[in-house]
Each structure stands twice: as C-alpha cells, then as structure tokens.
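Let me begin by presenting the structure, written as structure tokens, before commenting on it.
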Amino acid sequence: MTALGGGVSIVPVSSKAELDRFIRVPMRLSAGDPNYVAPLMIERQESLTAKGNPFFAHADVQFWLAVKDGRDVGRISAQIDRLNPQTKDGVGHFGMIAAEDDPTVFEALFAAAEAWLRERGCRAALGPVNLSTNEEVGLLVEGHDTPPMFMMSHDARYAPGRIEGAGYSRAKDIYAYVCSVADDLPGPILRRVRKGAADGVTLRQLDMKRFDAEVRTLTGILNDAWSGNWGFTPTTEEETQALANTLKLVLDPRLTWFAEIDGEAAGFMVLLPNINEAIRDLRGRLFPFGWATLIWRLKVRGVKTGRVPLMGVKRRFATTMRGQLLPFQLIDAVARSARKLGYERYELSWVLEDNTAMRRICDVGGAKVYKTYRLYEKALA
Numbered sequence: 602m603t604a605l606g607g608g609v610s611i612v613p614v615s616s617k618a619e620l621d622r623f624i625r626v627p628m629r630l631s632a633g634d635p636n637y638v639a640p641l642m643i644e645r646q647e648s649l650t651a652k653g654n655p656f657f658a659h660a661d662v663q664f665w666l667a668v669k670d671g672r673d674v675g676r677i678s679a680q681i682d683r684l685n686p687q688t689k690d691g692v693g694h695f696g697m698i699a700a701e702d703d704p705t706v707f708e709a710l711f712a713a714a715e716a717w718l719r720e721r722g723c724r725a726a727l728g729p730v731n732l733s734t735n736e737e738v739g740l741l742v743e744g745h746d747t748p749p750m751f752m753m754s755h756d757a758r759y760a761p762g763r764i765e766g767a768g769y770s771r772a773k774d775i776y777a778y779v780c781s782v783a784d785d786l787p788g789p790i791l792r793r794v795r796k797g798a799a800d801g802v803t804l805r806q807l808d809m810k811r812f813d814a815e816v817r818t819l820t821g822i823l824n825d826a827w828s829g830n831w832g833f834t835p836t837t838e839e840e841t842q843a844l845a846n847t848l849k850l851v852l853d854p855r856l857t858w859f860a861e862i863d864g865e866a867a868g869f870m871v872l873l874p875n876i877n878e879a880i881r882d883l884r885g886r887l888f889p890f891g892w893a894t895l896i897w898r899l900k901v902r903g904v905k906t907g908r909v910p911l912m913g914v915k916r917r918f919a920t921t922m923r924g925q926l927l928p929f930q931l932i933d934a935v936a937r938s939a940r941k942l943g944y945e946r947y948e949l950s951w952v953l954e955d956n957t958a959m960r961r962i963c964d965v966g967g968a969k970v971y972k973t974y975r976l977y978e979k980a981l982a
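Numbering (the numbering used here), first residue to last: 602 to 982.
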C-alpha cells in the first residue's frame with residue numbers, strides 16, 4: 602500500500618478478495634445511474650485472471666485500488682501487451698478506470714499506473730483499454746442516456762474531465778452505431794443483394810457441430826480483415842476460443858453467418874444477443890436463481906436488442922466486386938434472421954473514426970452513431 606496526499610492510499614491488487622473489491626468499485630459508484638448495467642461477477646472474476654483469460658499469456662497486467670477513509674474510491678489497471686504493435690513504439694495501456702468525482706483520486710490512480718508503465722520502458726500511456734484492444738476500448742463521452750450493449754462500457758459523465766485534468770488528451774474516437782432491424786437496406790443495394798449470390802459466392806450459418814473449426818475460421822478472417830486497422834492486436838486462437846466457449850450457451854447460430862468465395866472462407870458477421878438487457882436487474886449476481894433467470898430470458902422470453910462485435914471480409918477480397926457486396930449480403934442475412942427472432946435493434950461496435958470503409962457501410966446501411974467513446978494518451982517523461 603502506498604499512502605499519498607489527500608488521504609488516498611493506492612493498493613496493488615494481489616488477492617482474490619482484492620480483485621472482488623476491484624470489480625465492485627464501478628457497481629457502487631454507478632448505483633444511482635439508471636443506465637448502468639452491473640457485469641456478472643462470475644464473468645469478471647474469470648476475465649480478469651490468468652486462469653480464465655488467455656490474454657495474460659502475452660501481457661503483463663497490474664490492478665490497483667484507491668482507498669480513502671476505509672472505502673474503495675477508485676480503481677485502474679495498467680498492461681503491456683506483447684502482441685500489440687504499439688508496444689514496439691513504447692506505448693503501454695491503462696484501463697478499468699473508475700473513481701469518485703475527486704481529482705485527487707484520479708491523479709493518484711494515474712500516478713501508480715504511469716510509474717508502473719515507465720518502469721517497464723513505456724514512453725506513453727494510452728487508454729482506457731480493458732484489457733485488450735479486442736475487448737472493451739474507450740471511455741464513453743457521448744451517449745449516457747441509454748444503457749450500454751454487452752461488452753461495451755458505461756462511464757461517469759465527469760470522467761472525461763478528470764482524465765484530461767490528469768494530463769491526458771484525445772487520441773482517437775470510436776463509435777457505436779445503432780440500426781433498426783425493421784429497416785431494410787436501401788433499395789438499390791437490396792436489389793443487388795437479393796437478386797441472388799454472385800457466381801462463386803455462398804452464404805451459410807454457423808455450424809455448431811463443427812464449432813471449434815468454425816472458431817478457427819472466424820479467427821483467421823478476423824486477423825486478416827482487421828490487420829490494417831489502427832492499434833489492432835492479432836487475437837490468438839486461444840482467446841477467440843475462450844470467448845466463444847463463454848458465449849456458447851447464448852450464441853445463436855442463426856445470427857452468425859459466414860460468406861465463402863470460390864469455396865474459401867471470405868467474410869463473417871456475428872450478432873450476439875444483448876446479454877445486458879437480460880441481466881440488467883441481477884446486480885452482477887447469478888446465484889441462487891440468476892442462471893435460470895438468464896437462460897429463460899435469453900432462450901424463452903428472448904431479448905429485443907443485439908450487438909455486432911465482429912464482422913470482417915478478408916483484405917484480398919475487399920477490393921473486388923464480389924467482396925465489396927459481401928458486407929451488405931451478411932447484414933441482410935443477419936437482419937432477416939434477427940427479425941424472425943423478434944429483435945428490434947442492434948448495435949455495430951466499435952468503429953474507429955478513421956475506418957472510412959466500415960463507416961461507409963454503416964452509413965449506407967442506415968445505421969446512426971449514437972454513442973462515442975474516446976481513447977486518451979499522455980507522454981511519460
């Protein structure tokens with residue numbers, strides 16, 4: 602424990618009990634926010650440990666708690682991902698930032714994270730990244746009036762000002778788009794999509810009988826399609842498999858589509874049910890009746906919203922006529938399936954501000970930006 606000014610102490614997380622406290626910090630801070638959705642404790646306990654998250658195999662990670670007057674008043678993480686290309690440029694990440702509206706607390710947390718990164722040779726800090734760039738990224742700066750979708754953050758309105766007050770400036774904005782399932786693609790595109798697949802193009806749903814092989818196919822397309830994106834970190838098969846295994850219980854194969862060109866896997870799109878809609882009143886707890894409640898809400902009652910966290914077309918196909926139509930064919934196939942299942946809205950996220958290709962697809966498809974998340978950076982002298 603490190604005692605700092607203002608009565609704030611910084612505690613490195615080193616035990617399961619401290620990790621549980623770390624997870625609960627935003628739950629307490631956001632208890633009065635009607636749009637905050639508490640994550641499931643069991644999921645967070647797994648995702649934030651090396652035993653449950655393959656990310657730790659290629660990253661160094663440290664968590665801290667801020668304590669004042671015997672209360673946990675904030676938290677932060679710092680991590681160095683050896684697979685992230687930014688690491689070679691001396692960039693380390695901070696994440697998991699949440700604190701009371703007190704500049705002293707924010708400054709103490711950032712001081713701890715920055716010192717840790719600096720000691721390991723980092724020359725700049727970038728974040729929030731929770732924990733990987735393939736997981737939750739960015740701080741919510743616009744769109745606090747609606748609940749977050751699954752695996753998207755929801756931060757206090759005062760947090761941007763406090764982070765900037767700690768010496769951070771805007772690095773990059775990322776967007777969440779929302780789309781009505783009831784709305785078809787624009788007429789000219791829809792006519793092209795539905796007149797029949799081009800020669801050599803096949804669309805198919807996820808085959809659950811070949812689940813592991815399908816995950817490997819998805820990983821290959823993802824790493825190829827996203828390889829040119831700013832800050833992209835290749836995802837390992839172990840990471841994709843771990844996420845897929847976690848979501849297997851709620852994954853609907855009718856909402857995961859692959860596209861093949863001349864027999865080669867060329868693209869995919871995944872629409873996940875918005876688990877946040879189903880767990881919103883569980884307060885992070887699955888026991889004693891949470892599991893039954895969750896499964897009933899997802900499988901029987903159903904949810905009305907979903908999120909597209911993963912979508913891509915291999916780069917060598919993306920510039921061809923057939924490849925350029927694939928995203929719209931996938932969107933139409935997923936939307937039609939979602940409509941039959943009673944979905945009303947879905948989110949496409951997250952999309953980098955300078956990812957003009959994906960933003961054009963969203964705009965043409967009728968999706969609208971409704972949340973903005975921000976990445977901040979600071980030079981570490």
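The C-beta atom is built at its ideal place from N, Cα and C for all residues, glycine as well.
It should be emphasised that the depicted structure is a prediction, and the values quoted were computed from it without experimental measurement.
For V909, the enclosing beta strand (DSSP E) begins and ends at T906 to V914.
If you draw a straight line from the Cα of A936 to the Cα of P704, it is about 45 angstroms long. In its chain, beyond the 5 residues on either side, G967 have a beta carbon closer than 7 angstroms to the beta carbon of D784.
A residue is called buried once 16 or more other Cβ atoms fall within 10 Å of its Cβ, and E708 is buried on that count.
DSSP, reduced to helix, strand and coil, places T650 outside both helices and strands of the structure shown, so it counts as coil.
The residue among R940, Y778, R672 and W717 with its C-alpha nearest the C-alpha of A679 is W717. In this model, L856 and E737 are separated by some 22 angstroms (Cα to Cα).
With fewer than 16 other Cβ atoms inside 10 Å of its own Cβ, M922 counts as exposed. In the structure shown, A968 adopts coil according to DSSP, grouped into three states. If only uninterrupted beta strand (DSSP E) runs of at least 3 residues are considered, those enclosed by the stretch 794-857 are 802-806. When rounded, the separation of the alpha-carbon atoms in K972 and D825 is 27 angstroms. A725 and A939 have their C-alpha atoms some 43 angstroms from each other.
Between R771 and R946, the C-beta gap is not smaller than 9 angstroms, which leaves the two residues out of contact. Taking C-beta separations shorter than 8 angstroms and ignoring five residues to either side along the sequence, R672 has no partners in its chain. Exposure of G801 is indicated by the presence of fewer than 16 other C-beta atoms within 10 angstroms of its C-beta. Bridge pairing for S678: F664 and G696 [DSSP].
Between A860 and T803, the gap from beta carbon to beta carbon is short of 9 angstroms. Along the stretch 701-781, the beta strand (DSSP E) occurs as fully enclosed runs of 3 or more residues at 725-728, 740-743 and 770-781, listed in sequence order. In terms of CA proximity to M642, M628 leads the group M628, A651, A632 and S828. The beta carbon of V614 sits closer than 7 angstroms to the beta carbons of L620, F623, F664, W665 and L666 from its chain, once the five residues preceding and following it are set aside; these are given in chain order.
The way I'd put it, the stretch 743-751 doesn't touch the stretch 911-920; fewer than three beta-carbon pairs between them come closer than 8 angstroms.
Looking at R884, N654, V730 and G762, the one whose alpha-carbon comes closest to that of E743 is G762.
A distance below 6 angstroms between beta-carbons, with the five flanking residues on each side excluded, links V730 to the following residues of its chain, in chain order: H694, G696 and V738.
A check of alpha carbon separations from Q687 across G885, C723, P874 and V794 identifies C723 as the nearest. With contacts defined as CB atoms closer than 9 angstroms, P787 and V970 fail to qualify as a contacting pair.
Counting the other CB atoms within 10 Å of its CB gives N636 a total below 16, which places it among the exposed residues. A direct Cα-to-Cα measurement between L927 and Y977 gives close to 34 angstroms. Taking a 10 Å sphere around the C-beta of T650, we find fewer than 16 other C-beta atoms and assign the residue as exposed.
Taking the Cα of D661 as reference, the smallest distance to any Cα among L823, I681, F812 and R884 is reached at I681. Beta-bridge pairing by DSSP links V609 to K669. A direct Cα-Cα distance of roughly 11 angstroms separates A714 from L727. The alpha-carbon separation between H755 and D746 amounts to approximately 10 angstroms.
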